[in-house]
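>
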Amino acid sequence: MAVEASFAPPPKGRLLLGAGVFVLGWVVTLATASLVSASSLPSSLVPAVVFVGPKLGVLAAIAILGKPGFAYLQRLVFGYLKPPAEVSPARHRIGIVMFVTAILLGLLERYPMIFVRDSAQFSIRYSLSVDLLLLVSIFVLGGDFWDKVRALFFRDAKAHFPWR
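Taking the numbering used here, I'd label the letters of the sequence shown as residues 276 to 439.
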């Protein structure tokens, strides 16, 4: 009962205001970082802005929502990002193809860049897209995949192959 009480929704007005302040903290941070990097100000300010800005938004959201309200908002937003434990065989195959493709593209990343004129801009886009593909593949593969990857780091872990 105490767990459910800690995730009780706050009043709607406070929830909207807290979520707005949280999002505004990130928007202001990204806008300020891009303005600082585009201006003649020293680029050493960008990490300070990027690390401090979201923290201020989070603190303001916690102040508005309270700790139980912020826990509710966090569960509401990030609850969708939690991958399911078991996935269908088709989803597993698609996830494996995405995962292996991302790893292979990451390994081969440097070689196509030799033939591209503006390789710096292309390299950043390419790297971001490969990283995004890898991240999405992990969510497609589900929670059991994390257990399989985690088992790689335990010497005593044994693989179990269910034969049909």
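Here a beta-carbon is modelled for each residue, glycine too, at the ideal position from N, C-alpha and C. Predicted model only: the values in this text are computed from it and were never measured.
#1: With Pro359 as the anchor, note down where its alpha helix (DSSP H) starts and where it stops.
#2: Give the straight-line distance between the Cα atoms of Ala432 and Ala377, rounded to the nearest whole angstrom.
#3: Helix, strand or coil for Arg430? Go by DSSP, reduced to three states.
#4: According to DSSP, is His367 part of a helix, a strand, or is it coil?
#5: Consult DSSP for Leu442 and reduce its assignment to one of helix, strand or coil.
#6: Quick one: residues in its chain with C-beta nearer than 8 angstroms to the C-beta of Val325, no 5 flanking neighbours on either side, listed in chain order?
#7: Does the distance from the C-beta atom of Val311 to that of Met373 stay below 8 angstroms?
#8: Smallest Cα separation from Ile528: which of Phe297, Leu382 and Ile399?
#9: In this structure, does DSSP put Ser314 in helix, strand or coil?
#10: With a cut-off of 8 angstroms, do at least 3 Cβ pairs link the stretch 360-370 to the stretch 328-345?
Once the coordinates are examined:
#1: Per DSSP, Pro359 belongs to no alpha helix (DSSP H) and is neither H nor E.
#2: When only Cα atoms are considered, Ala432 and Ala377 end up about 26 angstroms apart.
#3: Correct three-state label for Arg430: coil.
#4: His367: helix per DSSP, three-state reduction.
#5: Any property of residue 442 remains undetermined from this structure, which presents the chain solely from 276 to 439.
#6: For Val325, where only same-chain residues beyond five positions count, the Cβ hits under 8 angstroms are Thr304 and Ala308.
#7: With contacts defined as CB atoms closer than 8 angstroms, Val311 and Met373 fail to qualify as a contacting pair.
#8: The structure shown has nothing for residue 528, since the chain only spans 276 to 439.
#9: When secondary structure is reduced to three states using DSSP, Ser314 falls in the coil class, being assigned neither helix nor strand.
#10: They do not touch, by the three-pair rule.
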